[in-house]
Amino acid sequence: MGQVPPNKSTTPFPPSPSPRPALSIPHARPLVSMVTGGGRAESREAGGCGSGSTSTSTSIERSRSGATYGVLSHTMPSSSPRSSPARRAEPGPSPSPTPSCTAVALRSLLAADLQASRRLGVCAGERSAWGSARPLLRLLEVSGHGVPWLAGTLYGLGRSESPAGREVLLNLLFALVLDIVLVAVVKGLVRRRRPTYNKMDMFVTISVDKYSFPSGHATRAAMVCRFVLHHLVLAIPLRVLVVLWAFIVGLSRVMLGRHNVTDVVFGFIMGYMQYSLVKYFWLSPLSAPTLFAIWNQ
Ligand SMILES: CC(C)=CCC/C(C)=C/CC/C(C)=C/COP(=O)(O)O
-8 MGQVPPNKST
2 TPFPPSPSPR
12 PALSIPHARP
22 LVSMVTGGGR
32 AESREAGGCG
42 SGSTSTSTSI
52 ERSRSGATYG
62 VLSHTMPSSS
72 PRSSPARRAE
82 PGPSPSPTPS
92 CTAVALRSLL
102 AADLQASRRL
112 GVCAGERSAW
122 GSARPLLRLL
132 EVSGHGVPWL
142 AGTLYGLGRS
152 ESPAGREVLL
162 NLLFALVLDI
172 VLVAVVKGLV
182 RRRRPTYNKM
192 DMFVTISVDK
202 YSFPSGHATR
212 AAMVCRFVLH
222 HLVLAIPLRV
232 LVVLWAFIVG
242 LSRVMLGRHN
252 VTDVVFGFIM
262 GYMQYSLVKY
272 FWLSPLSAPT
282 LFAIWNQ
């Protein structure tokens, strides 16, 4: 029944396997809590997020394949065997500390995230509900990938004959490299696993790409979108297309089962802010004369 691979991460994201079901319901499937490091997500407090006479548990239910897809909540009266003196006297692990309201809210958000992501992952496999659209979404995946963007920018730089064009392309190159570095750093720190139903058949990945938070496609799409809108003079329909492209690239990450919704939402925010960084450190013949001198040789 639903064994989940062990979780080594110390981050709040990946749920860990519970050594025993959180609830003892006959015929119930195993329940795995959102608490980092395993155990129950349980709140026992007077006022605040819990209540004095009851204990509230929030648990994520896992399917046989190990994928998290549901949330169960239950309320137990204080007279339940678990809180009886005899039970308390038993030797065993010390009770987990009372989680704060923020922790409970975060857990609920993550549970909703997992559930929504699973529902939206309609192209996660060939045999998924919208499996026939998978090739199209994989094309979108390539359109937001780092390799074509880096290759295209380098090619443009090599061909560009106008100083203004070169300046914009050099900054785009800087933006793309900055994006890869920042995403790798955050992925390496957070180490959130990709959804269990994701097929690792992605176009060119680097080591940290086994992690999913944030979506590198979403950061790149948002950053490039802002960059293009600021530096290219485009007719309104084209500007709308650029924004749509960025949005669809992000959505397609969830539909392909590559990411959870929060990976993409955070990716969009991070990409948006990355462009602000690029604008702040804009490379120009004035701010980086040596770089431009080398390039112009
Ligand atoms: C020069 C150099 C280090 C190029 C690396 C380009 C590269 C392989 C970027 C990674 C792109 C990628 C697979 C990002 C993952 O996107 P997610 O949306 O799945 O996070």
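The sequence shown runs contiguously to residue 288 in the working numbering. Where a beta carbon is used, it is the ideal one built from N, C-alpha and C, also for glycine. Remember, it's a predicted structure, so these values are computed and weren't measured experimentally.
For residue 143, count the other beta carbons within 10 Å of its own beta carbon; 16 or more makes it buried, fewer makes it exposed. Which is it? Numbered from its first residue, the sequence shown carries residue 143 at position 152. With fewer than 16 Cβ atoms within 10 Å of its Cβ, residue 143 is classed as exposed.
In whole angstroms, give me the CA-to-CA distance for residue 198 and residue 176. Stepping through the sequence shown from its first residue, residue 198 is reached at position 207. Stepping through the sequence shown from its first residue, residue 176 is reached at position 185. Cα-Cα distance, rounded: 11 Å.
In angstroms with no decimal places, state the Cα-to-Cα distance between residue 180 and residue 200. Residue mapping note: residue 180 aligns to position 189 of the sequence shown, counting from 1. Residue mapping note: residue 200 aligns to position 209 of the sequence shown, counting from 1. The alpha-carbon atoms of residue 180 and residue 200 are separated by roughly 12 Å.
Which stretch, first to last residue, makes up the alpha helix (DSSP H) that contains residue 241? As a working mapping, residue 241 is identified with position 250 in the sequence shown. Residue 241 -> alpha helix (DSSP H) spans 227 to 246.
I'd like to know if the segment 258 to 265 and the segment 158 to 170 are in contact, where contact means that at least 3 CB-CB pairs between them fall below 8 Å. yes
With H, G and I counted as helix, E and B as strand and the rest as coil, what does DSSP make of residue 125? What you label residue 125 is simply residue 134 of the sequence shown in a count that begins at 1. Correct three-state label for residue 125: helix.
Within 7 Å: the Cβ of residue 187 and any heavy atom of ligand 1? Locating residue 187 in the sequence shown gives position 196, where the first residue counts as 1. Outside the cutoff, so no.
If you measure from the CB of residue 245, is any heavy atom of ligand 1 nearer than 7 Å? Here residue 245 refers to the residue found at position 254 of the sequence shown. Checking the Cβ of residue 245 against ligand 1 gives no.
Where residue 184 falls: helix, strand or coil (DSSP): For the purposes of this step, residue 184 is taken as the residue at position 193 of the sequence shown. Three-state result, residue 184: strand.
Flag residue 171 as yes when its Cβ comes closer than 7 Å to any non-hydrogen atom of ligand 1, and as no otherwise. Start at 1 with the first residue of the sequence shown, and residue 171 comes out as number 180. Yes, Cβ of residue 171 sits closer than 7 Å to a heavy atom of ligand 1.
Have a look at 275, 184 and 192 and flag the residue whose alpha-carbon is nearest the alpha-carbon of residue 117. Against the sequence shown, residue 117 aligns to sequence position 126. Closest option to residue 117, Cα to Cα, is 192.
The segment 202 to 211 / the segment 243 to 256 touching (three or more Cβ pairs under 8 Å): yes
Can you tell me which residues form a DSSP beta bridge with residue 202? Within the sequence shown, residue 202 is the residue found at index 211, counting from 1. In the DSSP output, where bridge partners are listed per residue, residue 202 has 184.
By the 10 Å Cβ neighbour count, where 16 or more other Cβ atoms means buried, how is residue 182 classified, buried or exposed? Taking the first residue of the sequence shown as 1, we reach residue 182 at position 191. Residue 182 comes out buried.
Tell me whether residue 264 counts as near ligand 1, meaning its Cβ is closer than 7 Å to at least one heavy atom of that ligand. Looking up residue 264 in the sequence shown gives position 273. Answer for residue 264: no, Cβ out of range of ligand 1.
Beta-carbon contacts of residue 269 that lie in its chain and below 8 Å, excluding the five residues immediately before and after: In the sequence shown, counting from the first residue as 1, residue 269 sits at position 278. For residue 269, where only same-chain residues beyond five positions count, the Cβ hits under 8 Å are 162, 165, 166, 169, 214 and 218.
Inspect the beta-carbon positions of residue 251 and residue 186 and report whether they are closer than 8 Å. Taking the sequence shown and counting its residues from 1, the one referred to as residue 251 is at position 260. Taking the sequence shown and counting its residues from 1, the one referred to as residue 186 is at position 195. Yes, the Cβ-Cβ distance between residue 251 and residue 186 is below 8 Å.
Other residues of its chain near residue 147: CB distance less than 6 Å, five sequence neighbours each side excluded: In the sequence shown, residue 147 corresponds to position 156, counting from 1. Excluding positions up to five away in sequence, the list reads 160.
Could you check whether the Cβ of residue 137 sits closer than 7 Å to any heavy atom belonging to ligand 1? By one-based count along the sequence shown, residue 137 stands at place 146. Yes.
For residue 212, name the three-state secondary structure that DSSP assigns. For the purposes of this step, residue 212 is taken as residue 221 along the sequence shown, with counting starting at 1. Here residue 212 sits in helix by DSSP.
When the distance is taken between beta carbons, is residue 261 closer than 8 Å to residue 210? The residue you call residue 210 lines up with position 219 of the sequence shown. The residue you call residue 261 lines up with position 270 of the sequence shown. The answer is yes: Cβ separation under 8 Å.
Mind the definition here: the segment 241 to 251 touches the segment 100 to 120 only if three or more C-beta pairs lie below 8 Å; say whether that holds. yes
Measuring alpha carbon to alpha carbon, tell me which residue in 188, 100 and 155 is nearest residue 222. Residue 222 sits at position 231 when you count from the first residue of the sequence shown. Comparing Cα-Cα distances from residue 222 to each of 188, 100 and 155, the minimum goes to 155.
I want to see whether chain C comes within less than 8 Å of residue 152, judged by CB atoms only; does it? Note that chain C does not occur in the displayed structure, where there is just one protein chain.
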